[in-house]
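Working notes, beginning with the structure itself.
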Amino acid sequence: MGMEHVWLLPAIPAVLFALMGLFNGLVPRRGDFIVILGMAVVVVLSFLVLLDFQGSFRDGHFAPGDSNLYSFSWVEIDTGVVDDLLLIEFSTFVDGITVLMLAVVSIVTLMVMIYSVGYMRGEVRYGWYFAVLSGFGAAMLMLVVSGNLLLLYLSWEAVGLASYLLIGFYWERQTAAEAAKKAFITTRIGDVGLLIGIILLWRGAGSFDIQEIIHFAEGGGYGETYLTVTMLMLFAGAAGKSAQFPFHVWLPDAMEGPTPVSALIHAATMVVAGVYLVARMMPVFDVALVARDVVLYIGLTTAALGATLGLVTSDIKRVLAYSTVSQLGFMFVALGVGSVTAAMFHLFTHAFFKSLLFLGSGSVIHATEEQVVETLGGLRRKMPATTTLFVIGSLALAGIVPLAGFWSKDEILLVLQDGAGFGPFVILAATAALTAIYTTRLVLLTFFGEPKDQAAYDHAHESPAVMILPMALLALLAVIAGFVALDPVGRALGFTGGIGEVVFTQGHEGHAFKLDATIAIGATVSALAGIVLGFIYWSGTAERAVRARQWSPEFHDLLVNRYYIDHLYQFTIDRVVLGLATVVAYFDRWVVNETGVDGSAQGISFAGYRLKFFQTGRIPNYALAMAIGVIVLALVAVGRT
Amino acid sequence: MSDLNFEYGLLLPEFILVGSAAVVLMLDAFRADLRISRNLLPAITVLGALIAGVASLLYLDRDPTDFAQLIAVDHYTTFFRILFIATLVAIVLGSYEFVNRNITHQGEFYALLLASTIGAIYMAAARELLTAYISIELLSFSLYVGVSLAKNDTRSGEAGLKYVLLGGVASAMLLYGLSIIYGTTGSTTYEGIAAALEDGVVGTPAFLLGLAFLVGGLGFKASAVPFHMWTPDAYEGAPLPITAYISATSKAATFALMLALFGIALDAAKADWQWMLASLAVATMVVGNLIAIQQTNIKRLLAYSSIGQVGFMLMAITTVSDASGSALLLHLAGYLITNLAVFIAVIAFYNRTGSEEIEDFRGLAETQPYLALVITTALFSLSGMPLLAGFVTKFVLFQAAAEEGFLWLATVAVIMSTVSLYYYLKVIRQMYVAEPADGDSRWRLSPIAYLTTGVLFLGIFLVGLWATPIFEAADGASAMLFG
Amino acid sequence: MAGDIPMENFLILSAILFGIGFYGVLARRSAILILVAVELMLAAVTINMVAFAAYLDPERFTGVIFAIFVITVAAAEVGLALGIVLRLFRDRQTAMVDEASDLKW
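Chains as they are written, first to last, in the working numbering: chain B, 1 to 641; chain W, 1001 to 1483; chain Z, 2001 to 2105.
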């Protein structure tokens, strides 16, 4: 099993999707174990691919920066009677970011599948759910191994289609169906850009092959404006899929789908497809610097926007959705300054802790059938395991040493400071602190304090082992995944240069992981400050005071004496942070969502409404239209000469 | 004149079709006396069509030839013979239940379908203006009657009247254009016109006037905006199988004719007509797709959606070349399969519910999941979803247009494809989201409906995933015009 | 051939006839009269065809053959259209096209 067989990875789940989609009624348990087994095989295979990659890497078969392209002709349409115009070849390509994506996608998919055995038990269409999950995995794996933009686009759309089916899984619920439609259409608007971008790239290079396009672009084959427009088109597709401003509106709504689906699609796989795409095309973006700057500033805007919105949202899953939007913004910021390494590293760690958080929220929803934080609270007593795991995920998200999020977020701040200067750095650092605040809020309101809704609390119970186990594995990864960046770990894995050496694309040098002490300490302090701030604001002051008195009277005095600081905090958060967040939320809902996204849909619809009245139903009017048509044609024809 | 080839054997498939039509008519006339089952009529139609289809295959190995310089018999003709005969078979199989219930003159129904198929084939095969015109009228006249055949539906008569009167106006426009082209070039054969154009008729005011009328007349047959207005009304008023037939065969035949006419005869005058077709193409895709959003009747929705599709096909005629020719043929094949899948599924739905309103598709995923799946897949394919026929064929089409320097047109087409998804999803949403009406329980399809939709359903995937064989056939056919 | 009358005269006559026919289609409200107007348009085409055949293509007479077919097809069309008008008349007791406008938008 080497890199040349990498096509097997998408093929296995694809076949299982077809079989189980049709015949899940014929096998015991509706075939869930078959699908899971298939994905487990894929996980093993993805490690074999990693080994092979790393083996040839070490043997010096290719130096860093080399590529590894295997092409096979799956569909070949060659109109080349006159000139071979439309040769469409399908090929796979393996390099560092492919290997990384394969590991992330297969592991998270497997974990989500196992978790779903518990979460989805007793649902109608249980077998269909697993089949589509498998189909989604296939499409996503196909996306990351394709070495050809056309195949990439095909899988890109297949991913969208599978996610449409998954988000709309509860299609009996009107909101779920609407959300599925919204997600689908919003991302499709971006996809129009992507397709146009692909065609533009092809027109220049005469090939869909990514490596050839990169060579062509680096050789200055495209004109500057042409390439800028093209890459912006491509980025529109990426922004649609990865929920970047102004396309971010679909992601929170997509939370209507089953929670494990959110963990898979909206944390670790589909939403990072845009990041992957931009990373894959980074050498071309390096030539089109204007487009790269757009990536940077869109990423920055989205990061800040998502974090602010996360502060004022009360649905546990929507908080996580905004958090994902924000974290994806972080990744695009890294890409915007040209650091594939930092972006992919954050993608890697984020996949684990964010899917862990989603699964944790699923566990809560499963137990209480509530997902509004104001009705939860105190769950730590009933669900100790979930609480522990969720807290680990939250700390990783907040970026606390030594959890995974710390390393990657730090890396992004570092490259941003080097690449874009102080202003953007400050904004992103503040966003990182905001992340800590809303994470703390979420944890406190859900698991700590007193239960706010007794019924939900009474209903709560710890989730079964089949759900806890995958969460525990993800939690483990959320703890250790960051270590791959460290040199000793890198060497142990066979890469002397750590993460930077693994994650690169051809023609684009990665860089070794650096740890800047100032930034590391600064980030940690601001994260901790954020957590403290969140604690002070959202854990009930009275209760805290009482408990503090029991623990230490001196400390209580201190607290009481410093009450004015509490007030200051209170004022800062109430008036400034939350006020700002509310304004942003208002803007997001009414301007971006209603006017921008829904408005354009309504505009199109209204145009159709106006136009249809030309169709009066009367023959003379129809004949008049024909007469005008032919007269205009004739007049213009004669007039042109 | 004596060197003309009068080998009647070249027209064998059409003789078989005519013969079947005659047999069907006779049997229908004496049906009461002969006490035969009425399923015999569709059976004979299908049988005749199949034999004609096999007969068409006989010409695959022969060198391209022609009948009296009027009708070409080559791969291009064979391609369309197979395509139109397959369409006929699919429509007869998919609609015989409908016909049994809703059509009183069944013999005429099948005979007209057979006759119009001949017209469609000769539209593709014609290499001379008069032959082309007669073929157009053979097809159109059959459809005028076909549209008015639903005796129990007053909409049918109104639709027939609109179609026949406006069709007459369009024919007159077309003929006026043809007469001027004949007058300026002195020939009615495609080759003769092409030769005359080389000698410098291009760009004279008279010729341009002729072109404008020609484009207008053909634009009507193709339903290009602003000559499209009959389309939604005729689609809505016609009995469903005829609607399906207009949207499939009639459209494809018009484009087959246009490709040959503009590709062979008028190629030298490209600069004179390219902008006409390009502007019609833009208007057509924009207007068709936008009005479609507002529709509540499935036939009307499909009518506007097919107008939108016509815009995409006009793009291929605009950029006429070998590449866009094969792209257009591939697209036509994929479009016919997809469109027939939708229509036959809708016919099966109508047989059960008697409704054409999109609203009444609610809960179809519960009551008839198979049908819902077929419709969903086909609509996704129409909107150009990857893995399905619509993506591959549209992609090749758009790419060919972009290559010929019409990137802006291809861009509009991509955007309008996305708009089309919006109204297709409206139908899909009704089927999957809304609750079934009270008292609706699961129901079954007839075995033949299963078979027909099943084959078409697989066809959508076949073209989407493995387009190579069809593309090669299309390419070979297109090479006959441009090779 | 054709005496001293220049070909343009026939073409102008044809154009005028075609214009009158087209105007008739737009202005008339009775299906029968619209049909008559269409016939005028077709007659214009016939004149065109015959004139071209006589002046430009006297050896082969393709235009005349064309004209004969146009006349035949036009006759068939009238028969067919009248049948459909009758059908409409039975449904609605009118042959006014304005009143047949249920199908719209």
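Where a beta carbon is used, it is the ideal one built from N, C-alpha and C, also for glycine.
Model, not experiment: these values are computed from the prediction.
Between residue i and residue j, which are expected to be in contact by the criterion C-beta below 8 Å, what is the C-beta distance as a whole number of angstroms?
i          : j          : result
Tyr642(B)  : Leu311(B)  : This structure gives no information on residue 642(B), because the portion of chain B shown stretches from 1 to 641.
Arg380(B)  : Phe448(B)  : 6 Å
Met1276(W) : Leu1218(W) : Contact doesn't hold; Cβ gap of about 11 Å is too wide.
Ile1291(W) : Leu611(B)  : 5 Å
Ala343(B)  : Ile427(B)  : Actually they are not in contact, since the Cβ atoms of Ala343(B) and Ile427(B) sit about 17 Å apart, beyond 8 Å.
Ala183(B)  : Thr228(B)  : The Cβ separation is near 29 Å, so there is no contact.
Trp128(B)  : Gly21(B)   : 7 Å
Leu1456(W) : Ile1337(W) : 6 Å
Phe1227(W) : Gly629(B)  : 6 Å
Among the options, which has the Cα closest to the Cα of residue i?
i          : options                                           : result
Asn1354(W) : Glu1097(W), Ile1036(W) and Leu1010(W)             : Correcting the residue identity first, residue 1354(W) is Gly in this sequence and not Asn. Checked all of Glu1097(W), Ile1036(W) and Leu1010(W); the closest Cα to Gly1354(W) is Glu1097(W).
Gln244(B)  : Glu178(B), Val325(B) and Ala268(B)                : Val325(B)
Asp293(B)  : Val99(B), His459(B) and Ala420(B)                 : Ala420(B)
Tyr272(B)  : Asp95(B), Ser91(B), Val108(B) and Pro620(B)       : Position check: residue 272(B) holds Val in this sequence, whereas Tyr was assumed. The candidate whose alpha carbon is nearest that of Val272(B) is Val108(B).
Leu1139(W) : Val1392(W), Arg1127(W) and Tyr1163(W)             : Tyr1163(W)
Gly608(B)  : Phe1471(W), Ile1428(W), Gln1295(W) and Val1463(W) : Gln1295(W)
Arg2092(Z) : Thr1154(W), Arg1035(W) and Leu1041(W)             : Thr1154(W)
Ala1170(W) : Phe1213(W), Leu1093(W), Leu1328(W) and Thr1077(W) : Phe1213(W)
Ile365(B)  : Pro260(B), Val275(B), Gly299(B) and Lys409(B)     : Pro260(B)
Leu300(B)  : Tyr226(B), Ala430(B) and Leu474(B)                : Ala430(B)
Ala1090(W) : Val1046(W), Gly1119(W), Ile1470(W) and Asp1438(W) : Val1046(W)
Ser1223(W) : Leu1280(W), Phe1482(W), Leu1211(W) and Tyr1190(W) : Leu1280(W)
CA-CA distance, residue i and residue j?
i          : j          : result
Gly639(B)  : Leu296(B)  : 50 Å
Thr2062(Z) : Val1310(W) : 33 Å
Phe2066(Z) : Gly220(B)  : 59 Å
Leu1458(W) : Leu1388(W) : 10 Å
Leu1166(W) : Ile2020(Z) : 16 Å
Leu2103(Z) : Gly1390(W) : 30 Å
Pro464(B)  : Phe332(B)  : 37 Å
Val337(B)  : Thr524(B)  : 23 Å
His266(B)  : Leu1421(W) : 23 Å
Gly240(B)  : Arg188(B)  : 7 Å
Tyr322(B)  : Val192(B)  : 25 Å
At a Cβ threshold of 8 Å, is residue i touching chain B?
i          : result
Val2025(Z) : yes
Lys2104(Z) : yes
Asp2098(Z) : yes
Ser2030(Z) : no
Ser1167(W) : Here residue 1167(W) turns out to be Gly, not Ser, going by the sequence shown. Output row for Gly1167(W): interface = no.
Excluding the five sequence neighbours on either side, which residues of its own chain have a C-beta within less than 7 Å of the C-beta of residue i, listed in chain order?
i          : result
Lys1394(W) : Phe1312, His1331, Gly1384 and Ser1417
Ala40(B)   : Leu110
Is residue i close to chain Z, meaning its C-beta is less than 8 Å from at least one C-beta of that chain?
i          : result
Thr1188(W) : yes
Ala1172(W) : yes
Ile1246(W) : no
Ala627(B)  : yes
Gly617(B)  : yes
Arg1155(W) : yes
Leu264(B)  : no
Determine, for residue i, whether the minimum Cβ-Cβ distance to residues of chain W falls below 8 Å.
i          : result
Thr175(B)  : no
Leu2088(Z) : yes
For residue i, collect the residues of the same chain with a Cβ closer than 8 Å to its Cβ; drop the 5 residues on either side in sequence, then sort them by chain order.
i          : result
Val82(B)   : Since pLDDT at Val82(B) reaches only 37, below the 50 mark, its modelled position is unreliable, and no value is offered.
Val1145(W) : Glu1108, Leu1112 and Gly1160
Say yes only if the C-beta of residue i is nearer than 7 Å to one or more non-hydrogen atoms of the ligand ADP, and no if none qualify.
i          : result
Pro1369(W) : This structure does not include the ligand ADP; it has no bound ligands of any sort.
Kindly indicate if chain D contains any beta-carbon less than 8 Å away from that of residue i.
i         : result
Phe613(B) : Absence of chain D from the displayed structure is noted, the protein chains being B, W and Z.
Among the residues of its own chain, which have a CB less than 6 Å from the CB of residue i, if the five just before and after it don't count?
i          : result
Tyr170(B)  : Ala176
Ala1244(W) : Ile1091 and Phe1343
Ala1265(W) : Tyr1190, Ile1193 and Ala1194
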